[in-house]
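Have a look at the structure below, then the notes.
Numbering (our numbering), first residue to last: 21 to 164.
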């Protein structure tokens with residue numbers, strides 16, 4: 021693993037800002053394309069970033085998404101100041117969602133967010149607590 025990582029994205033995410041939701045994933049996708057990252061990796065990254073970004077919009081009080089790149093990996097960090105995830109095992113179960121009826125009526129909250137992140141990430145680490153929100157770190161190997 022290369023030790024030097026360069027920050028290529030840092031973006032605030034506002035709670036319930038559905039109009040801006042998805043901007044960070046779109047911005048990151050465009051940055052990676054300009055850097056010449058293979059399209060397969062750009063696609064995986066866009067899915068992961070969008071799912072995490074929308075989780076912040078839907079479930080938290082706001083947060084931040086940061087992406088760092090090195091020669092051999094992309095690291096995505098998402099930190100929020102939300103209520104935390106009560107049961108991480110359930111959160112990684114397809115179809116499980118704590119989204120409100122209002123959110124579901126908008127087409128979100130299908131319970132596939134963290135499932136999709138895990139599917140496309142090479143590594144994922146989630147830490148969540150009631151007092152400290154949720155902190156996600158995802159690694160995508162660029163050699164894939």
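For every residue, glycine included, the Cβ atom is placed at its ideal position computed from N, Cα and C.
What's the gap between the Cα of residue i and the Cα of residue j?
i: residue 37; j: residue 100; result: 14 Å
i: residue 105; j: residue 151; result: 11 Å
i: residue 121; j: residue 130; result: 11 Å
i: residue 21; j: residue 148; result: Low confidence applies here, because residue 21 scores a pLDDT of 47, under 50, leaving its location unreliable and the question unanswered by this model.
i: residue 72; j: residue 112; result: 13 Å
i: residue 89; j: residue 135; result: 23 Å
i: residue 92; j: residue 34; result: 31 Å
i: residue 155; j: residue 80; result: 11 Å
i: residue 109; j: residue 27; result: 31 Å
Relative to the C-alpha of residue i, which residue among the options is closest?
i: residue 62; options: 110, 115, 95 and 117; result: 95
i: residue 29; options: 39, 49 and 35; result: 49
i: residue 132; options: 70, 102 and 92; result: 70
i: residue 42; options: 84, 25 and 107; result: 84
i: residue 158; options: 87, 76 and 119; result: 87
Please classify residue i as buried or exposed, where buried requires at least 16 neighbouring CB atoms within 10 angstroms.
i: residue 44; result: buried
i: residue 126; result: exposed
i: residue 163; result: exposed
i: residue 52; result: buried
i: residue 40; result: exposed
Opposite residue i in the DSSP bridges: which residues?
i: residue 161; result: 93
i: residue 153; result: 149
* Every unbroken beta strand (DSSP E) within the region 69-151, with a cutoff of 3 residues, ordered by chain -> Runs found: 83-89, 93-100 and 143-149.
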